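Below is one structure, written out as structure tokens; comments come after it.
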Amino acid sequence: MLEYIWLIPALPLIGFIINGIIGFRIRKHVVSLVGCGTVFISFLIALMVFREFILLDPEQRFFQKILYTWVSSGSFNASIGFQLDPLSAVMSLVVTGVGFIIHVYSIGYMGHDPGYPRYFAFLNLFMFSMLILILANNFLLLFVGWEAVGLCSYLLIGFWYEKKSAADAGKKAFIVNRVGDFGFIIGVILIFYTFGTVEFKSVFEKLPGMIKAGAVDPFLLTVICLLLFAGATGKSAQIPLYVWLPDAMEGPTPVSALIHAATMVTAGVYMVSRSCIIFAYAPYALDVVAFIGALTALFAASIGLVQNDIKRVLAYSTISQIGYMFLACGVGAFAAGIFHLTTHAFFKALLFLGAGSVMHAIEGETDITKMGGLKEKMPITHITFLIGALAIAGIFPFAGFFSKDAILAGAFERSPYLWFMGISGAMLTSFYMFRVVFLTFYGESRFPHEVSHHIHESPPVMLIPLITLGILSIIGGFIGIPMIEGGNRIGEFLDPVFHNATTILGKAHHEDFLMEVMLILISLIIALGGIYLAVMFYLKKTYLPGYFQEKIPSAYRLIFNKYYVDEIYDYLFVNSIKSFSIWLWEFIDTVIIDGAVNGIAYLTRGIGSIMRRIQTGFVQSYALSIIIGAFVILAYYLFRIRM
Amino acid sequence: MEGVLFWVFGALAVAGTLVVILSRNPVNSAIGLLFCFFTTACLYVLLDAQFVAVIQVLIYAGAIMVLFLFTIMLLNLETDIKKEVTSPGTRILGISIGSGILFEIALLLWHYRITPFLGTYTPEKLSLTGNIQAIGRSIFRDYILPFEILSVLLIIGIIGAVVLAKRD
Amino acid sequence: MDPLSMDLNLASIAPEIVIILCGFIIILLDPFIPYEKKRYLSYLALLGCSVAIIFTFSLHGKRIVSFNNMIALDGYSTFFDYLFLLIAILSILIACDYIEEERILYGEYFALILFATSGMMLMAKGVSLIIIFLGLEVLSLSTYILAGMMKRDLKSNEAALKYFLLGAFSSAFLLYGITLIYGTAGSIDIFGISQYLRAGSPSALFFAGVAFLIVGFGFKVAAVPFHMWTPDAYEGAPTSVTAFMSVGPKAAGFAAFLRIFISALLPIVSDWSGILWIIAVLTMFVGNVAALVQENIKRMLAYSSIAHAGYITIGIIVADELGSSGLLFYLLSYTLMNIGVFTVAILLRKEGEGYEIRDYAGASIKHPILSLLMTVFLLSLAGFPPTAGFMSKFYIFSAAVKKGYIGLALIGVINSGISVYYYLRVVVLMYMVEPSREFRPLRVGVFTSIALIISLWGTLQLGVYPTGIINLARSVVDVLFYIPLNIGSLFSIKAF
Amino acid sequence: MGIRDLPILSIVIFMPLLGSLPLFFVKKERVEFIRGWALFVTILTFFTSLSLYFNFDQNSANFQFQERISWIHELGISYHVGIDGISLWLLLLTTFLGPITVLCSWSAIMERVRDYMICLLILETGILGVFSSLDLFLFYVFWESQLIPMYLLIGIWGSQNRIYAALKFVIYTMAGSLMMLVAIMYLYFYHKNQAGFFSMNLLDLYNLNIPYSIQLILFIAFFLAFAFKVPMFPFHTWLPDAHVEAPTAGSVILAGILLKMGTYGFLRFNIPMFTEASINLAPFMYILAVTGIIYGALVSMVQPDLKKLVAYSSVSHLGFVMLGIFAFTVQGIQGGILQMVNHGLSTGALFLIVGILYERRHTRLIAHFGGLSRVIPRFAAIFMIVTLSSIGLPGLNGFVGEFLIILGTFISSNPYSTIAAIIAASGVIFAAVYMLWMFQRVMFGVVTHEENRYIKDLNLREFAYLIPVLLFIIWIGIYPATFLRPMEGSVKGIVVTVEKKMGKGNSIVFAVDKRITGDWR
Amino acid sequence: MAGLNHYLLLSAIMFSMGVVGFFLRRNVIVILMCVELMLNASNLALAAFAQFSNTIDGKVIIFFVIGIAAAELATGLSIVICLFRNRETVFVDEMNLMKQ
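Chains as they are written, first to last, in our numbering: chain A, 8 to 650; chain B, 808 to 975; chain C, 33 to 528; chain D, 2 to 522; chain E, 145 to 244.
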């Protein structure tokens, strides 16, 4: 079965080709069947592969399937090849699983859109790209997937391209990602420069030997890591390249759920975890990762506090949560990062789909200040959304509790400051999540009459995914229970991948049990505190938000406008580059270069005109020319002889 | 004696040329030219080129000058002598560039005295065989081809005169 | 007087004799032929040229110096005989229709073309300065008259007069130069001069003679600063004559120029190459730059011909076999392409001698083939491969490079870059601009067609497969460089 | 008699020219026949040229299909053609674009169809000749002779400002190539002095031992010719004008092939013949190339005219090619060559697409479009793919080339190459900016101009010429080995030449290679 | 005794005078006379050279020069007459139909 792992990405590709080329000719349900069916089969194959894989010895859990040599030039070689190890096995399960669920959900959500086949084609293309990304056996192929998911993101954000904001958002996503990719590709090249190969296995195996032999400059490794991380900040929306993700919410909600919450945006985390050994040898880079992660977690959460657009709140929450994952990687708790990635995929997809369900019901309204009281009208959505919120807030026993706790524990071990940043972020998270829950589902309905009239629960095709994900959000955490021996199954499963890195980082010693319990309790209390605050603000004393708004207006405005980062970027990069370009064009090109050329031409013609004027038509002046010629030649000879 | 004659004829020839280029009336110029030709013929005699001197008088002073004067009369040119004006600037330019060329040749002559190649036709030999005989022998033997070409040239001149001056 | 002692070898000037006789016959027959049948005279002229070619051909490969070191029949002069006869034939072919239309059908026209041709041939054949001077006069006088043959046309009169006055002026310079050279070197044939020069450094006055020679020949080939007559004379003269003038006298001038400067003056090459360098550069620049701003195609071509004189001069400066053969090759290709251009210019002209360049706008719509031909010729003049113009420029510039005159070659190529602009301007107008006038219906006569075919074929042949001509040119120029100590030793065959 | 015994290369080169001859005798009113004939000839040429690929010995670095006939014997000039792995692809690209250019002019060119097709066919022969000449003289002849048909294409069938653009094109190109002519002559005599016989043969000239100071001057002379053609910054200003005014087929050929003549020239002449000069001037080339990349991208961003935008993007793309070539690494040069092909396909396709729009709307201003995706979805899909190819999306052709170039430059031994590679890589960001922004403004949003509502989608003919391009775009993207493999030998030959001249001792290229083989394990 | 240089100087003076006259005078006929002067100067030099170098060629060439002068003059004057018929002028400064 392992031989067939290439089928996992290939099937969605087939779906893409079918839907992309003849999708507009075939009937809708065939499109859905192709779209979902291919992903489902991929999921099944992934499951089977996983099953076979898990039966192997932990040491033997590595499999490579090389299809063909892709780019071969001189000493450079990169193949189209897939590798299966615990990390990619987990990832492929998450991606195909969550992906399938969201595909199914999309049948309902996108049912009435004229671009239905196009939508499924793109979604399948995305699945293909994402699977390439996680199954790739070398950095270059990873980059292929990396860029391709970016493309799909671009296409799907701009799915409703007639809306300018959607098209703009798509473009922004792509370009900001490109900025990160610039770093990434340089990083890949540096890897080749350093190791002579881009294949994961050989790079990672060579590295320790080279370190021992002193054949590699640690500084170079740090640079490589920082460049790779630059790529990750782009894809995974971290400071300073997070700006595209909130805008990306212009896309259809299932897309946001799949790409901008569950899978694609976590690619950066995957990549950093994949390269954990390099990072392990570059502790400074790791510190940067941790710090950026923690900072992003806090920063994005703070913006999330005051946003009114339900999807944007979720977007900032995603940014923040990915920040946690990077924090995990940065402190060396790679397994925890992947664990959080998995659980986050469940509950964030759930939250997005829930939001989508709400929007579906209320005709696309996204402003939570205009909602309220949906609890009764949409009970299942409400329950599942609540589960998601509890999970993300880290309440026991929901999935987020375990994963977030593992991260915070790791962070504490590394540095209490990071832990403190994390824990503050957790508090903000639970506050803003429950702000959304309360404003949306509780309290008085703030809908206009004609809208509230139509509100209805979503169709089963949308609810079943919600329920599925809800269940996953509840039980998902139990694959990684801390403290109990053997409870951290995911950690053990992933250990072959991260083992070397954690060893190098010296994370072998175990935490003291009491300390761990303390930390868990603190984080639980903090999370509950956040929920309590939200209850106070949005259920009990609803005047409080307004009060604070008036009390500290400048702080509020700053946060509400997302710290003006977009504006600063616009001013610094977009506008200045644009005016610089216009200057280049209108001055350098037109005035200087063309001017010089035209000047020469003009000068030549000028000389020609002067000559024309000399040509007076008078015989005498012609004779004069001859006489002067004779005179000069004679003078030349006189001069020459005298010499 | 010869030296004196050279200076006399030379001065007269220059005077003739001066008349040619300075007189405003073309008839006067023609007379000046005639004068110049005559004195040149005299110089030829001084140079032991009596036959050339004769030809000079016959063809130049006789035929060519008549042609000039006929044309002047034919075209009745005396009436617009007044048009013959040149601006002082042109005059200065012309004279300076002309004297420049003269100066250059003179400089070449002055500083670098030439020692001509010496041929076999010494004056003694020439006086022995006779000047005309020598020239005739040369023209009709060594220079037979130029002589024939000259005849073609003259015919072309005739054709030109017929073609262009004929009224049609 | 002993006739046997005369070095009289009529065979060596047989083509010239044929041509001149033919000219006389035409003159004599002219009055007896009714106006409608005058065209037969052109047949006669062509016949004469053909016979001359046959004679030339029969003399091919001979090396004879005769007429007391005045005429050298050798490969060099044979090459030029062919070239001049070709020029004569082409000029006659393109003239027939034109002079009929312009009402200048005279027997004299053809006779004068023939006389001019004989003058050119003598210039190439002459190894004595007096023969060269006489040949030049024969050529010039005929051309003056030809230029003035449109007697009612004020421009034609004026062109003839200007050409004549300046021509006479410059030939006076040339004569003075010949005089000085004769006086200092004691000889007027190139063998004597060459011997004199190799005997030791020449007298200072000799250089004055060289200077005046440069003036005289510079005038003939239209080199700057002796070029000023060219635009006026070209513009005013009947166009068929202009075509002739632009190639014939130039080729003849260069033939004599090269012969004298290489055969005779090679020992003092360093004394004249500098001057010619400056002249060549000035000629190229002035010709090309002034051509940029011309509105009349004849004037434009006049400046173009000046520019080409500049390129050709490089062949003299280089002063080696490559350069000289390049010059020969260049003259041949220039002849073909320039005659071609003028022929099309005549055919496409506006009624009443309209040669404004803008009159050619949109010609390609009504006359696609003629426009195509014009384009080929213009491109050749501009030096685009695969045409003769490119090949000859390549040849002559590479000769310059070989001799180390890289600057000259660079200036040359820069100039041909400039020239592209004005040549293409005509192409632009013909192809890319809407016509501004009605093109008259055109009947391209047989003669004209033949002339066009010859020039087109030649232009392409010399561009694509020039080996034969290059071979020929290279084989004939060695005579210029091989200067015998004893004349007899080289020209051992004195008669045939 | 096997196919290798036939002068197959010459047949390919001259087939279009011969094919154009019958057109001179066809009545110009019979446009359908003329178009059909031209299409037939170009397709036939393409298929004939395929036999070059199939008979190509991929393991050889030598020139293959050599044909040599003495041409101008006295001057040592011969008709000598032959191809190696480098020229093979450019040759095939040319023949491949041949039928496409005919097809895309099918309904766009209605006037003087016969003359147009003749120009196209002659042009094709000229270009094919350039890519296969092994004699410098022959090369120059072809080099110049493709100028005129192109000039006519722009000047006659172009748009409003065509005459200016055509002249600018010719004058600029001439200005550069004339210097080259003098340099060729110099080389020619240099060879005569050194080897004792005249030869214009490239293979002979490769063996010359030229002192550095002379190399420098010759390099600059050749550089001017090629830099104008490429065009490298700051010699590029003719390109936007020429593109804007040229008819679609003209633009396609111009961008697709003509520009490659410049980069090809560097590879074929400058580097092998003036190796030391090339090595020492490489930093200078980097500066120009990188400036071109960034400059072209930035200026492209603010163009209001579609064709101008694509034209400036060509400046940027060709900068990549130059960078790769002067990296002197196998990766860089292979990437450069591949990128030449890529650019030919992608930019060619972009011009085809702009041409299709122009044919329908008679405008190229971006502001006149908008919202077309809804109206012409199939067109949009193809446009999208081409756009993505142009911005170097992995999986499509552009990426492979760009990546290899950046990689090759990065690992080059030249101390400046790393920084050049990094700056060049940032050009990829700008490429995304200007292409996507353009795409968005043309295709996305709502239809703002009423005329745009009734634009027709692609017809069968347009599909017929776009699909093959797309196929190749994808092919190169996912299986570049087809293209990289045949050129490997020749490229390695060049790299070895360069490294020999560099001296093995201080060669970082070798050091890198050593590291690459992994001796540290 | 007058030496060669004296004759040559005289000849040069005449030649220069001819040149100056050609440049200064406006009347075509006088201009032609100036050309004759220049030719005459050459003749003088030829004769002098021949005499002082003991050769005869110079004196023979004079003969041809005179012939050439005659033919040239005949042609020239007929051109002048032809022009005069059309333009009624012999002044060269009035002849500039063509200039650009």
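Note that the Cβ used here is the ideal one computed from N, Cα and C, for glycine as well. Since this is a predicted model, take the numbers as computed values, not measurements.
Listed along chain B, the residues sitting closer than 9 Å to residue 213 of chain E by beta-carbon distance are 866, 867, 871. Of the residues assessed, residue 206 of chain E falls on the buried side of the cut-off, its CB having 16 or more other CB atoms within 10 angstroms. Burial check for residue 139 of chain D: the Cβ neighbour count within 10 Å reaches 16 or more, so the residue is buried. For residue 84 of chain D, the uninterrupted beta strand (DSSP E) run begins and ends at 78-84, by DSSP. Residue state for residue 160 of chain C is assigned as strand, using DSSP reduced to three classes. When only Cα atoms are considered, residue 56 of chain D and residue 183 of chain D end up about 37 Å apart. Proximity of residue 637 of chain A to chain C, defined by a Cβ-Cβ separation below 9 Å, is satisfied.
The beta carbon of residue 449 of chain A sits closer than 8 Å to the beta carbons of 379, 380, 382, 545, 546 from its chain, once the five residues preceding and following it are set aside; these are given in chain order. Looking from the CA of residue 374 of chain C, the closest CA among C/361, C/389, C/360 belongs to C/389. Taken atom to atom, the span from the alpha-carbon of residue 250 of chain A to that of residue 176 of chain A is near 10 Å. The DSSP assignment places 560-567, 572-576, 583-590 as complete runs of the alpha helix (DSSP H) inside the stretch 555-605 of chain A, in order along the chain (cut-off: 4 residues). Of the candidates D/411, D/208, D/325, D/495, the residue whose Cα lies closest to the Cα of residue 195 of chain D is D/208. A distance below 6 Å between beta-carbons, with the five flanking residues on each side excluded, links residue 471 of chain C to the following residues of its chain, in chain order: 398.
Contact annotation: residue 253 of chain A and residue 138 of chain A have beta-carbon atoms that are not nearer than 9 Å. For the stretch 435-450 of chain C, the beta-carbon criterion of a distance under 7 Å to any beta-carbon of chain D is satisfied by 438, 441, 442, 445, 446, 448, 449.
Listed along chain C are 208, 211, 212, 215, each with a C-beta nearer than 8 Å to that of residue 189 of chain E. In this structure residue 635 of chain A does not touch residue 899 of chain B by the C-beta definition: roughly 15 Å separates them, more than the 8 Å allowed. The residues 381, 444, 445, in chain order, have a CB closer than 8 Å to that of residue 374 of chain D in the same chain once the five nearest residues on each side in sequence are set aside. Residue 80 of chain A is bridged by DSSP to A/83. Going by DSSP, residue 320 of chain A is part of the alpha helix (DSSP H) stretching over 317-337. One thing to note: residue 373 of chain A has its Cβ no nearer than 9 Å to the Cβ of residue 409 of chain A. Restricting attention to C/63, C/69, C/143, the CA atom closest to the CA of residue 53 of chain C is found in C/143. Beta-carbon to beta-carbon, residue 172 of chain D and residue 335 of chain C are separated by about 18 Å, too far to satisfy the 8 Å threshold. Contact check for residue 164 of chain D and residue 460 of chain C: beta-carbon distance about 5 Å, within the 8 Å limit, so the pair qualifies. Between residue 442 of chain D and residue 384 of chain D, the gap from beta carbon to beta carbon reaches 9 Å or more. With respect to chain D, the C-beta atom of residue 592 of chain A has a partner C-beta closer than 9 Å. According to DSSP, residue pairing for residue 90 of chain A in a beta bridge involves A/71. Contact check for residue 84 of chain D against residue 132 of chain D passes: the beta carbons are separated by less than 9 Å.
Taking residue 155 of chain A as the centre and dropping the five residues before and after it, the same chain places the C-beta of 136, 139 closer than 7 Å to its C-beta, in chain order. When DSSP states are grouped into helix, strand and coil, residue 382 of chain C belongs to the strand group.
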